[in-house]
Structure formats: C-alpha cells, structure tokens
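S.K.: Right, I'll just put the structure down here and ask away after.
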Amino acid sequence: MLKNKTAIVTGGTRGIGFAIVRKYLENGANVAVAGSRQESVEKALAQLKDYEGNVMGIWPDLCDQEAVKEAFLSVKERFGSVDILANNAGISSRTSLYDYTVEEFTKIMDINLKAVFVCSQAAARIMKEEGGGAIINTSSMVGEYGQPSGCGYPATKFAVNGLTKSLARELARDQIRVNAVAPGVTKTDMVAALPQEMVERISAGIPLGRVGEPVDIANAYLYLASDLASYVTGIVLRVDGAAMN
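In this text, residue positions in the sequence shown follow the working numbering: the first is 408, and each later residue adds one.
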C-alpha cells in the first residue's frame, strides 16, 4: 500500500510508534525511525534487520527547528522523498492540578504539541516541493473527553486536534493531507504491566470487550497514509473500541 513512499515516524522506537514503523515497512515504504536518543533508535533498528536497506534512524530534538530540518533533509537525501510524517512522539501525565509544576506542564506541551508543529512544518516544506504528502498526528480519546488528573496531557491532545484540522485546511492547496488518530486504551508497556484483573476491569468498560493492540492503531496509520485515503483530510479517527460511547 505504500510502495515507493518514504515515511518519518517520531516516537518510533517502541509501542505504537514501532508498530507503525513495522506496518509501513511491511507495506513497501522506506522508513526513518525518529527517537529521543541514539541508543533507543539503534535498538529499534536492530529489530528490523529484514528491512535493513529500507530503514534508517534519526534522533533530533523535535522542538529544535534547525535540527529537525536537517534530519528530515537527510531522510530525503537517503530515500529521495518525504511522503508521510507520523507525529507519534509524546509523553503522558497523571499529576494532580494541585501538584503540577510549570516545568512539567511546559515539558508535556513541548513534546506533545510544539514538536508536532515543528515536525509538520519541516515535512510540509519538503512535501510542497514534491507535490503533496500525508501528515498523521497521534491524538487520544482523552482529547475528546478529558481525564480526571494530569490535565496537561488532554490539553495537548485537544490542541493536536485543532492543529490537525487547521493544517488540513491550510495545506490542502498543496495536496498535503493532515489527519489524526485517537487511540483508546492500548496495550503498550504501561498497560501490559498492569495486573490481569485490572486489565479485565478496563476491558469490561469497552464495548468491544478488550483493550487495543498497537497494531490496531498502526492499521489506522496505514490507511490514512495510503492512497485509499486520498480524499480524507481534517479528521480525527477514533480507534478505541467505542470506549466512552
């Protein structure tokens, strides 16, 4: 589905991001795995030896415009284009409002929102020259419903939704589609470490009766990156088993 296309996946070294990387590679794309540290990127690449000629690693500071620009141009130099950007890097928070520091709030805003802006700008500049592309942002179900603590996290996801819809309108003239995926509870490392009885309790509140797998989210990323979604832009696609419905 992505033959001859090149994708950059931020937060691509584990969890949902790594599932996206693998799904893109399985569907014929060249992929740049972006991580926060060289060590984590190299560890991820070691698990992708079957795709050695189609994958590379980058580790820029995602909030540094010049560093991101240089890293993205290095991807274009290696593979010839940048067709897809998956803005997946992010951190969560459960800190109570009463204990929240400005430093913690700023950090989550930087990684979950500012980095999406910086990376989207760098990718869009390349995509415009190439005649189009697709940008896909990771939102969350709490970007619609909020959550009872850690207000910085849902605030960033509400903002990502707004940025997605705005960029979809702005970049449509350049044939750049911009969408978001809003995962529900997903079996990442954090969820996998929970006691089984807690997982069962969480699953009971989801109409489909289970938590999501990273590949469930990656499948949505594949669709939105592919030509099957050539007339789809400006949406926030919920992948949550109808949680909170």
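Every residue, glycine too, gets a C-beta built ideally from N, C-alpha and C.
Use the C-beta contact count for residue 647: other C-beta atoms within 10 angstroms, 16 or more gives buried, fewer gives exposed.
M.R.: Locating residue 647 in the sequence shown gives position 240, counting from the first residue. It counts as buried.
S.K.: Please work out which residues of its chain come closer than 8 Å, Cβ to Cβ, to residue 415, disregarding the five sequence neighbours upstream and downstream, and give them in chain order.
M.R.: For the purposes of this step, residue 415 is taken as the residue at position 8 of the sequence shown. Same-chain partners within the cutoff: 438, 439, 441, 465, 479, 482, 489, 491, 492, 493, 526, 530.
S.K.: Am I right that residue 624 and residue 590 are in contact with their C-beta atoms under 8 Å? What's the rounded C-beta distance?
M.R.: What you label residue 624 is simply residue 217 of the sequence shown in a count that begins at 1. What you label residue 590 is simply residue 183 of the sequence shown in a count that begins at 1. Rounded, the Cβ-Cβ distance is 5 Å, consistent with contact.
S.K.: On a Cα-Cα basis, can you pick out the residue from 521, 412, 592, 447 that is closest to residue 549?
M.R.: Position 142 of the sequence shown holds residue 549. Nearest of 521, 412, 592, 447 to residue 549, Cα basis: 592.
S.K.: State the DSSP-derived secondary structure class of residue 644, mapped to helix, strand or coil.
M.R.: Within the sequence shown, the letter at position 237 stands for residue 644. Note: residue 644 maps to strand in three-state DSSP.
S.K.: Which same chain residues end up closer than 6 Å to residue 613 when comparing Cβ atoms and leaving out the 5 residues on each side of it in sequence?
M.R.: On the sequence shown, position 206 is the one that residue 613 refers to. Counting only Cβ-Cβ distances below 6 Å, and skipping sequence neighbours, we find 648, 650.
S.K.: Can you give me the start and stop residues for the beta strand (DSSP E) that residue 413 sits inside?
M.R.: For the purposes of this step, residue 413 is taken as the residue at position 6 of the sequence shown. Taken as a continuous stretch (DSSP letters only), the beta strand (DSSP E) holding residue 413 covers 413 to 417.
S.K.: I'd like to check one pair, residue 587 with residue 563: are the Cβ atoms closer than 8 Å?
M.R.: Here the question's residue 563 lines up with position 156 in the sequence shown. Here the question's residue 587 lines up with position 180 in the sequence shown. The answer is no: Cβ separation not under 8 Å.
S.K.: Give me the Cβ distance between residue 545 and residue 497, rounded to the nearest whole Å; I'm assuming they're in contact under 8 Å.
M.R.: Translated into positions along the sequence shown, residue 545 becomes position 138. Translated into positions along the sequence shown, residue 497 becomes position 90. About 6 Å separates the two Cβ atoms, so the contact holds.
S.K.: Below 8 Å on the Cβ atoms is my guess for residue 469 versus residue 513; work out the distance and round it to an integer in Å.
M.R.: Looking up residue 469 in the sequence shown gives position 62. Looking up residue 513 in the sequence shown gives position 106. That belief does not hold up - the Cβ atoms of residue 469 and residue 513 are roughly 15 Å apart, past 8 Å.
S.K.: Since residue 557 contacts residue 499 with CB under 8 Å, what's their CB separation in whole angstroms?
M.R.: Position 150 of the sequence shown, counted from the first residue, corresponds to residue 557. Position 92 of the sequence shown, counted from the first residue, corresponds to residue 499. At roughly 7 Å, the Cβ-Cβ gap stays under 8 Å, so residue 557 and residue 499 are in contact.
S.K.: From this set, 628, 428, 533, 457, which residue's C-alpha is nearest residue 484's C-alpha?
M.R.: Taking the sequence shown and counting its residues from 1, one reaches residue 484 at position 77. For the residues 628, 428, 533, 457, the minimum Cα distance to residue 484 belongs to 533.
S.K.: Just to confirm, is the Cβ distance from residue 427 to residue 628 under 8 Å?
M.R.: Locating residue 427 in the sequence shown gives position 20, where the first residue counts as 1. Locating residue 628 in the sequence shown gives position 221, where the first residue counts as 1. Against a cut-off of 8 Å, the Cβ pair of residue 628 and residue 427 comes out as a contact.
S.K.: Locate the alpha helix (DSSP H) running through residue 561, then write down its first and last residues.
M.R.: In the sequence shown, residue 561 corresponds to position 154, counting from 1. First-last of the alpha helix (DSSP H) with residue 561: 559 to 578.
S.K.: Is it the case that the Cβ atoms of residue 413 and residue 486 are separated by a distance below 8 Å?
M.R.: The residue given as residue 413 occupies position 6 in the sequence shown. The residue given as residue 486 occupies position 79 in the sequence shown. Contact: yes.
S.K.: Can you tell me where the beta strand (DSSP E) with residue 437 in it begins and where it stops?
M.R.: Start at 1 with the first residue of the sequence shown, and residue 437 comes out as number 30. That run of the beta strand (DSSP E) goes 437 to 441.
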